[in-house]
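Below you'll find the structure, written out as structure tokens, and then a few comments.
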Amino acid sequence: MSATEKYILLITQFVTGKLTAPQFEVGYLDIFKNESEMLPQTSYDALNELFLDVDAYCNDPGLRDEEDLDDFELLESAKKALAKLV
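Here it is, written out as structure tokens:
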């Protein structure tokens with residue numbers, strides 16, 4: 001499985017409801033921060049943009065600031081990234 005394919009798999013699991021937003025957050029951060037393979041530039045750009053949104057995601061509405069993303073916003077960001085990757 002290529003580096004890009006593992007991201008596509010994880011994102012697909014999230015957008016199809018197999019993963020919750022908090023589960024996706026943990027999985028994505030783990031994969032992205034520990035990536036050791038070179039990614040094609042277009043893939044990297046899409047994944048880095050998604051990383052910034054995952055980093056801005058806040059699971060707890062009581063702690064969420066205006067700049068933070070909620071579950072729906074993270075899902076929309078993941079859908080956009082997936083469209084760029086496939």
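So in the UniProt record's numbering the end of the sequence shown lands on 86, straight run, no missing numbers. For every residue, glycine included, the Cβ atom is placed at its ideal position computed from N, Cα and C.
Is L63 helix, strand or coil by DSSP?
For the purposes of this step, residue 63 is identified with residue 63 of the sequence shown, where counting begins at 1. Coil at L63, not helix or strand.
Is DSSP giving L19 helix, strand or coil here?
As a first step, residue 19 must be located in the sequence shown, where it is residue number 19. Shown here, L19 sits in coil according to DSSP, grouped into three states, outside any helix or strand.
Any idea which residues DSSP pairs L69 with across the strands?
The residue given as residue 69 occupies position 69 in the sequence shown. Answer by DSSP bridge pairing, in chain order: Y57.
Taking C-beta to C-beta, are E49 and A56 nearer than 9 Å?
Within the sequence shown, numbered from 1, the residue matching residue 49 stands at position 49. Within the sequence shown, numbered from 1, the residue matching residue 56 stands at position 56. No; because the gap between Cβ atoms is not below 9 Å, this pair is not in contact.
I think L10 touches I31, with their Cβ atoms under 8 Å apart; what is that distance to the nearest whole Å?
One-based indexing of the sequence shown puts residue 10 at position 10. One-based indexing of the sequence shown puts residue 31 at position 31. Right, their Cβ atoms sit about 7 Å apart.
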